[in-house]
Amino acid sequence: MKISELLDYHLILPSLTATTKKAVLEELADALVQGFDNLDRQKVVEVLMERENLGSTGIGDHIAIPHGKLPDLDNLVLCFGRSLPGIDFDSMDGKPTHLFFLLMAPENSIGLHLKALAKLSRMLKDASFRRNLMLAADAQSILELIAAEDVNF
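When the letters of the sequence shown are read in order and numbered with this note's numbering, they come out as residues 11 to 163.
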C-alpha cells in the first residue's frame, strides 16, 4: 500500500485556519467530502469526534492521525492538513499538533485500515521527514515529499 496513492493534491491543506480540535476535524472533513460525493460532512465529523472521545489521536511529535470508519466508503481515503502555528489536540506529549493525516476507512475493513495507520506512524517517526513537511511551500511539494518517503517503507 502506498500512502501517496491514497492522497490527492486537492486533499492537502498546507495552511489550516482552524484553532481548535473540532475545527480542525471540520476543516479536514470539508476537504474530504469535496473529493468524494458519497460522503456526508456531518457524519464524517461525528465519526471523528466519537473516536477522539475514546482518546486523542494526537500521537506526539506534533502529529495527529484522526481516523474512523464509514459505511459509504469503498476504499481508504486520506486527507492531510498542516497548521503552522499548531493546535492543542490533546496529544500524548502535550505539544501542539502541526501535521494532521485524516484517514477514513470502509466500515467493514480491518486489516487495510490498521496497515495504513501503521505505515503512517512509521513514516512520521523520521524527524527530517516531519521537518520537511513543515517547510514545504505548497500542496504539490507536500505530495512529492510524501511520495518520496513512501518508497522507503
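Built from N, CA and C at the ideal position, the CB exists for glycine as well.
DSSP places MET133 in the uninterrupted alpha helix (DSSP H) bounded by 121–134.
Counting only runs of 4+ residues, the alpha helix (DSSP H) found wholly inside the region 23–89 occupies 31–45 and 51–64, in chain order.
In this chain, ALA147 is not harboured by any beta strand (DSSP E), its DSSP state being neither H nor E. The beta carbon of PHE46 lies closer than 7 Å to those of VAL87 in the same chain, with the five residues before and after it left out. In the three-state reduction of the DSSP assignment, LEU17 falls in the coil class. The three-state reading of DSSP puts PHE99 in coil, since its state is none of H, G, I, E or B. Between the alpha carbons of ALA33 and ASN162 lies a distance of about 33 Å. Nearest in C-alpha terms to THR30, of all of LEU58, GLY70 and GLY96, is GLY96. The distance from the Cβ of PRO81 to that of GLU56 is about 13 Å, inconsistent with a contact at the 8 Å cut-off.
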